[in-house]
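So the structure is just underneath, and the comments pick up after that.
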Amino acid sequence: MSNSVSKTSNNKPIYADKELQEELFTLNLGPTHPATHGVFQNVLQVDGERIVSGVSTIGYIHRAFEKIAERRAYYQITTLTDRLNYCSAPINNMGWHMTVEKLLDIELPKRVQYMRVIVMELSRIADHIICNGILGVDTGTFAGFIPMMIKREFIYEIFEEICGARLTTNIGRIGGFERDFNGVAFAKIRQFVKEFPAVLKEFEALLERNRIFIERTAGVAAVDAETALNYSWSGPILRATGIDYDVRANEPYSSYEEFDFEIPVGTNGDVYDRFLVRNHEMWQSLRIIEQALAKIEKEPKGIFHADVPDFYLPPKEQVYNNMEALIYHFKIVMGEIDAPKKELYHCVEGANGELGFYLISDGGRSPYRLHFRRPSFINYQMYAPMSSGMLLSDAIINMSSLNIIAGELDA
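Under UniProt numbering, the letters of the sequence shown match residues 1 to 411, in that order.
The structure is reproduced here in structure tokens:
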């Protein structure tokens, strides 16, 4: 017995047999599905291969970071920020340090600001490598992923040279860095800037004009600018809709106003445009790093932190041999120096969008209240509504293009 099938204008099937029409089935996409790239769940109502509706479930790795922060001294919160977007942890670290420096009215030397810019842009490249590389894998090609991941590993080697860690970096300190970049670190940064363009060009050549890739991504999960703004989107997925909002340009920090770079934007807001925007942003990050290296050459050598003895730990050799350094070390570690009373918000351009820190200080050693504006949490709220009517295979690559990081989704 056959059943006649027709389709409506929005491509949803209509069955002549009403019994079949009512037989939708529930599909759990996550929390352990490999295509989610993280621990979060979507409970989908599916008609064949097409999603009818869905409900997103989060909180599987909620760790109460904001509440924990209320019981920690300011310098101890850096390790919590590592575990938000762990694909670009140094941006989280720097954003938090800048927030506390804003609270304490600390002005950093230019050389330190340029060093931070280098670390943040390397982190942005590492994050975009993951997102676009995985998007290629999810659409059927593994070839471009490996060379890009090799360069991402090289970025991790740079981080390891700077701070001793690779993934959860805990890089830098309130007031600057714990140590100066050594010669090996600078040499590796210059080597990366020299070698990565060839790899990125090869990656673009493989996918940007690839007919299969374009047919799998162009027009999929398209979002217009108005809808994106209504959902408070930010970062590459907002810029893919044509909105040129970038915190580095709109609300400059760490001397970004001194750098010459462009803000790539798309037109259709679809998966393909998000891919293109991230590719072009990697080129712009390389430009910024080159400029930062040139600016550092003009600054006095050996400066890697501000002169703030009340909040910056003195060197160990001084602590062991100098009474004043020992006193400062004790007071900082024990949290005996109170911060001023203030309410503030500071944001940076994270790899996924605006990463913000809303801080209320009541004058004690710890925040009275701290809230992380996590771009993955904001961006993800639209996933279930935009998946309605979409093929399951398209919903997978849509999730990849949003680059939802579970650690940043929950906190």
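Backbone N, C-alpha and C define an ideal beta-carbon position, used for all residues, glycine too.
Keep in mind the model is a prediction, meaning the values are calculated, not measured.
Contact between residue 332 and residue 121 does not hold, since the beta-carbon distance rounds to 30 angstroms and is not under 8 angstroms. DSSP places residue 362 in no alpha helix (DSSP H) but in the uninterrupted beta strand (DSSP E) bounded by 353-362. 113 is the residue among 113, 193, 109 whose C-alpha sits nearest the C-alpha of residue 94.
With 16 or more other CB atoms across the displayed protein chains lying within 10 angstroms of its CB, residue 349 is buried. The stretch 19-70 contains, as complete beta strand (DSSP E) runs of 3+ residues, the segments 25-29, 41-47, 50-57 (chain order). Taking a cut-off of 8 angstroms for Cβ pairs, the stretch 269-281 and the stretch 222-240 touch, as three or more such pairs fall below it.
In the pairwise beta carbon analysis, the stretch 98-113 is classified as not touching the stretch 220-233: fewer than three pairs are separated by under 8 angstroms. Looking at the backbone, the Cα of residue 267 and that of residue 234 are separated by about 15 angstroms. Taking 8 angstroms as the cut-off, the Cβ atoms of residue 146 and residue 185 do not count as close.
Taking the Cα positions, residue 155 is about 15 angstroms away from residue 133. In summary, residue 408 is buried, with 16 or more beta-carbon neighbours lying within 10 Å of its beta-carbon over all protein chains present. For residue 341, the enclosing beta strand (DSSP E) covers residues 341-350.
Annotated three-state conformation of residue 369 is strand, per DSSP. Under the DSSP assignment, residue 87 falls outside any alpha helix (DSSP H); it carries neither an H nor an E label. In this structure residue 363 is exposed. Its beta-carbon is surrounded by fewer than 16 other beta-carbon atoms within 10 angstroms.
For the stretch 163-247, the full-length alpha helix (DSSP H) segments reaching 4 residues or more read 183-207, 211-217, 225-230, 236-239 along the chain. At a Cβ-Cβ threshold of 8 angstroms, residue 294 and residue 118 do not count as neighbours.
Between residue 77 and the set 164, 397, 69, the nearest pair of CA atoms involves 69. Short of 7 angstroms from the beta carbon of residue 271, and not among the five residues preceding or following it, lie these beta carbons of its own chain, in chain order: 217, 220, 221, 397, 398, 401. Just so you know, the alpha carbons of residue 302 and residue 314 end up roughly 15 angstroms apart.
Taking one beta carbon from each stretch, the stretch 42-51 and the stretch 377-397 have 3 or more pairs nearer than 8 angstroms; the two touch. Under the three-state reduction of DSSP, residue 391 is assigned to strand. For residue 279, the enclosing alpha helix (DSSP H) starts and ends at 271-297. In terms of CA proximity to residue 338, 361 leads the group 182, 102, 300, 361.
Counting the other CB atoms within 10 Å of its CB gives residue 188 a total of 16 or more, which places it among the buried residues.
With respect to the C-alpha of residue 61, the residue from 31, 72, 395, 172 having the closest C-alpha is 31.
According to DSSP, residue 97 shares a beta bridge with no other residue. Only residues of its own chain outside the window of five on either side were considered, and among them 139, 207 have a CB closer than 6 angstroms to the CB of residue 213, listed in chain order. For the pair of segments examined, the stretch 194-209 was found not to touch the stretch 163-182: the number of CB pairs separated by less than 8 angstroms stays below three.
Straight-line measurement puts the Cα of residue 385 at about 20 angstroms from the Cα of residue 39.
Per the DSSP secondary-structure output, residue 305 pairs in a beta bridge with 176. The DSSP-derived three-state label of residue 402 is helix. The DSSP-derived three-state label of residue 313 is coil. If you draw a straight line from the Cα of residue 394 to the Cα of residue 285, it comes to about 29 angstroms. Sequence-distant partners of residue 352 (beyond 5 residues in either direction) whose C-beta falls short of 6 angstroms from its own C-beta, in its chain, are 235, 375, 376, 403. Residue 84 is positioned such that its CB atom lies no closer than 8 angstroms to that of residue 340.
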